[in-house]
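Heads up: the structure comes next, in structure tokens.
The structure is reproduced here in structure tokens:
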């Protein structure tokens, strides 16, 4: 049966009981010798090498929308409101259908459909799959290859 105690008294009792448990837990950690010492060693992280040049690195221009805001005079930028007619011309992202079709092609040759999966879950075509040693997406060593039908 519950006692009829005010909410603040219940909170005080709870806080006091929690504080009373701390010395017991502290003594237990001292007795076990686990205070201030790590039990497990995390795996050493090795940085991945940069991706091989499968894209054009010389054409790294600013995004198309970056120059649109510079063309608006500063006095108009300050006076522009939400219902203003000044709108920057931003190119819309590619359609979802275009992105979906891109994801179906092999990331190595960019021509054949993906029909081979690796142990890490990434996929390539059956022409490129046997030739690669490390996954072209996550760079993990390939230990399992599964032909998809």
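Numbering (full-length UniProt numbering), first residue to last: 1 to 149.
C-beta atoms are modelled at their ideal positions from N, C-alpha and C, and glycine is treated no differently.
Rounded to whole angstroms, what is the Cα-Cα separation between residue i and residue j?
i	j	result
residue 114	residue 141	19 Å
residue 131	residue 118	12 Å
residue 138	residue 50	12 Å
residue 33	residue 24	14 Å
residue 11	residue 31	31 Å
residue 45	residue 116	28 Å
residue 9	residue 19	15 Å
residue 47	residue 112	30 Å
residue 127	residue 133	13 Å
residue 21	residue 104	57 Å
residue 144	residue 17	54 Å
residue 5	residue 13	10 Å
So what does DSSP say about residue i, is it helix, strand or coil?
i	result
residue 118	strand
residue 123	strand
residue 14	helix
residue 112	coil
residue 27	helix
Could you tell me which of the options sits nearest to residue i, measuring between CA atoms?
i	options	result
residue 150	30, 107, 122, 143	Missing from the structure shown is residue 150; the chain here goes from 1 to 149 and no further.
residue 121	11, 4, 146	146
State the CB to CB distance for the pair residue i and residue j, rounded to an integer number of angstroms; the pair is presumed to be in contact (CB under 8 Å).
i	j	result
residue 109	residue 135	That belief does not hold up - the Cβ atoms of residue 109 and residue 135 are roughly 15 Å apart, past 8 Å.
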